[in-house]
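Going down the list, the protein sequences come from chains A and B.
Under my numbering, the residue at position 139 of the first sequence is numbered 147, and the numbers go up by one with no gaps.
Under my numbering, the residue at position 69 of the second sequence is numbered 77, and the numbers go up by one with no gaps.
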Amino acid sequence: MGTDLFPPPLPTRDHALVLLRQMLLIRHFEERCAELYTQQKIRGFLHLYTGEEAVAVGVMQALDPRDAVVSTYREHGHALARGIAPGAIMAEMFGRREGCSGGRGGSMHLFDAATRFYGGGAIVGGGLPVAVGLALADRMQGRPQVSCCFFGEGAAAEGEFHESMNLAQLWRLPVLFVCENNLYAMGSALSITESSADFTRKASGYGMAAGAVDGMDVLAVENSARAAVQAIRAGNGPFLLEARTYRFRAHSMFDPELYRSREEVEHWREHGPLITLTRRLREAGLFAEEDFQALTREVEAEVEQAVAFAEAGTWEPVEDLCRFVYSEVERA
Amino acid sequence: MSGELQVTTYREALRAGLRDALLRDERVFLMGEDVGHYGGCFAVSRGLLAEFGSERIRDTPLAESGFVGAGIGAAMGGMRPVVEVMTCNFSLLALDQLVNNAATWLHMSGGQFPCPLVVRMATGGGKQLAAQHSHSFEGWFAHIPGLKILTPATLEDARGMLWTALQDPDPVLIFENQTLYPMEGSLAVDAGAVAISGARIHRGGADVTLITYGASLWKALAAASTLAEKGIDAEVIDLRSLRPLDDATILASVARTHRAVVVDEGWRSGGISAEIGMRIMESVFYQLDAPVARVCTAEVPIPYPKHLEEAALPQAVKIVETVERMMRHG
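Below is the structure:
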């Protein structure tokens, strides 16, 4: 199956603005995180999603609130697009108790039971088997949900990727595998890590339906994801969607980016998801510059509210250090 | 209990426990390599496929990380999976899922995502299966906060630990010593669930405490019989659970007998025997009449030939020698 299997139709103006707003929110949220990192408000590892916004936002349009999402350590965008409150995400990065994981996880480990957001996992490939199991539980209990699993293309080199492909297809489980192909596993380019960089063919090797999409085009991503989820819900088994994307920022805040050129980054920035969507909308007459300005002001205010919420957050008492190593629910 | 007994085996007791759980809770299913059509590598699940069908007695590909991870997901998704890993040697292929996921998610998510997973695996040596099928990793796993580690040694525990483990909201790993599967004995016809916390004093004694678990329990009991003939009265503790450890039972016993020998089929360096010995030192040091001693597996990969394998593993005769040496110097 080729790229852009499902050519994107034009959205309504209202929906287009929803997509644009979500992507803008992620963009501003991430840029603010970078500032807060230099101010040492956020510590540890910080992996920003800047440039990849169209993937999270496009895919989430296709999911129901009851569906499960399993994500990676570059998951702020997934969490925001899933609807976790920006304040709870920012507070998590500040390590505050009001964070979506109670401050226990930080940037790489956002969790939220209310939206069935199962992390935030920092072991590359480690989330895939869990997504298979969540889908197995749904199937065995007769629930119509889909488990959506995000992972980077680097994970496709891990054994857990292949084990999960095989299991999901073997048992025809309702899993949407979303491979975010940003061309680099940390700093290692595909050409030096993968014998074959065609991820849809890897899925085909397991008999799994697959398609690739321009991950810089949110309309294309949404359209592909909707078609994939519809097929999964219809009982056709799992689907692998490869979203071809690019991260504009460094792998993490410690990365001097020795492995790629400024020209390459600039080239991708010119084809970024915000530019791609606004150009399309402008051409169709669905969008004016004032819309962009108004949405930008809105999301900036929302991000500042999130920062204020995080700043006002509290520290978990040290006495609680060992809580939740084991469940506190008494056995029935 | 009616008091009526039947002769059965450890293997059959495990199967009865599995069958009972499958009948009582429709969320329970068994998943692993060769658990269905083959009947289980150690024949524990033989016959269950015909009774419960392939959805609930689920053969998996050879993909330990994949199906253990799937068990974690299924557990968090509302099912009660029993994942069988053929031997604990193969569980090393699933360490990422067990240690990085199952053991961490509850804490890391601030209590949001409990993982009621049960994993069963065979452990231990003694069957001339050489170095990749004979190791004991239960002590290793007991190092990990977030996991619970069970070591059923008796028919009662083989029959009854599974149901209680399935009621536990957190991941429980059950290590079945592979030499025990054919062990025959009497078990109450109406035997059922047992507590999974707490050690059990298997034999009372006044002179020395033998602290052990799993198949080594029977070696320790044999040693205790020999010692009794020599006028040494050994108490034998079956730990049953390596995490959490039942400190109270261990310490009270050692405080009474003033001597302790830990018998562990794991390796000595950095093993659970070191942990138990240190806890004794921390709490009842001044009540000891002799240094704590250990009988562990020799620090080698378990060899194939029978004489070398026997030399590598803890044996009753070594336990007897260790206790006699201790009594002479104590």
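Virtual Cβ for every residue (Gly too), placed ideally from N, Cα, C.
Exercise. In this structure, does DSSP put residue 50 of chain A in helix, strand or coil?
Worked result: coil
Problem set entry | When B:279, B:126, B:325 and B:295 are compared against residue 215 of chain B, the one with the closest alpha-carbon | B:295
Exercise. To the nearest whole angstrom, what separates the beta carbons of residue 174 of chain B and residue 36 of chain B, a pair I think is in contact under 8 Å?
Worked result: 6 Å
For this session: Write down every uninterrupted run of the beta strand (DSSP E) in the segment 65-133 of chain B whose length is 3 residues or greater and which is fully enclosed by it, in chain order.
Result: 65-67, 88-95 and 126-131
Problem set entry | Separation of residue 300 of chain A from residue 32 of chain A, as counted between CA atoms | 9 Å
Exercise. Taking 7 Å as the CB-CB limit, is residue 89 of chain A close to chain B?
Worked result: no
Exercise. Is the segment 146-154 of chain B in contact with the segment 271-283 of chain B, if contact means three or more CB pairs nearer than 8 Å?
Worked result: Yes, the segment 146-154 of chain B is in contact with the segment 271-283 of chain B.
For this session: Please classify residue 308 of chain B: is it buried, with 16 or more other beta-carbons within 10 angstroms of its beta-carbon, or exposed?
Result: exposed
Exercise. Excluding sequence positions up to five away, which residues of its chain have a Cβ less than 7 Å from the Cβ of residue 171 of chain A?
Worked result: 137
Problem set entry | Sequence ranges, alpha helix (DSSP H) only - wholly within the segment 81-160 of chain A, length at least 4 | 84-90, 94-101 and 135-148
Problem set entry | residue 17 of chain B beta carbon less than 7 Å from that of residue 190 of chain B | yes
For this session: List the residues of chain B that residue 171 of chain A touches, going by C-beta distances under 7 Å, in chain order.
Result: 71, 73 and 74
Exercise. For residue 141 of chain B, which of B:43, B:226 and B:50 has the nearest alpha-carbon?
Worked result: B:50
For this session: Select from B:278, B:98, B:184 and B:170 the residue whose C-alpha is nearest the C-alpha of residue 203 of chain B.
Result: B:170
Problem set entry | Spatial neighbours of residue 105 of chain B in its chain, beta-carbon cut-off 7 Å, leaving aside the 5 residues before and after | Once the five neighbours on either side are set aside, the close Cβ partners of residue 105 of chain B are 73, 76, 77 and 80.
For this session: List the residues of chain A that residue 114 of chain B touches, going by C-beta distances under 9 Å, in chain order.
Result: Chain order gives the chain A residues near residue 114 of chain B as 332, 333, 334 and 335, where near means a beta carbon separation below 9 Å.
For this session: Check the Cβ-Cβ distances between residue 182 of chain B and every residue of chain A, and say whether any is below 7 Å.
Result: Using a Cβ-Cβ cut-off of 7 Å, residue 182 of chain B does not count as an interface residue toward chain A, since no Cβ of chain A sits closer than that to its own.
Exercise. With respect to the alpha helix (DSSP H) encompassing residue 271 of chain A, which residues constitute its N-terminal and C-terminal limits?
Worked result: 270-278
Problem set entry | Same chain only: Cβ atoms within 8 Å of residue 54 of chain B, ignoring 5 sequence neighbours per side | 23, 47 and 48
Problem set entry | Runs of beta strand (DSSP E) wholly within the segment 220-293 of chain B (minimum 3 residues, chain order) | 242-246, 249-251 and 268-275
Exercise. Hey, is residue 108 of chain B's beta-carbon within less than 7 Å of any beta-carbon in chain A?
Worked result: yes
Exercise. Quick one: what does DSSP say residue 12 of chain B is sitting in, helix, strand or coil?
Worked result: coil
Exercise. Which partner residues does residue 186 of chain A have in the DSSP bridge list?
Worked result: A:158 and A:249.
Exercise. Using a Cβ-Cβ distance under 7 Å, would residue 186 of chain B count as near chain A?
Worked result: So, not an interface residue.
Problem set entry | Bridge-paired residues (DSSP) for residue 305 of chain B | B:275
Exercise. Taking all protein chains shown into account, do 16 or more other C-beta atoms lie within 10 angstroms of the C-beta of residue 95 of chain B, making it buried, or fewer, making it exposed?
Worked result: buried
Problem set entry | N- and C-terminal bounds of the beta strand (DSSP E) containing residue 193 of chain B | 192-196
Exercise. Going along the chain, which residues of its own chain have a beta-carbon closer than 8 Å to the beta-carbon of residue 321 of chain A, five neighbours each way excluded?
Worked result: Here the set comprises 99, 102, 104, 105, 106, 107 and 111.
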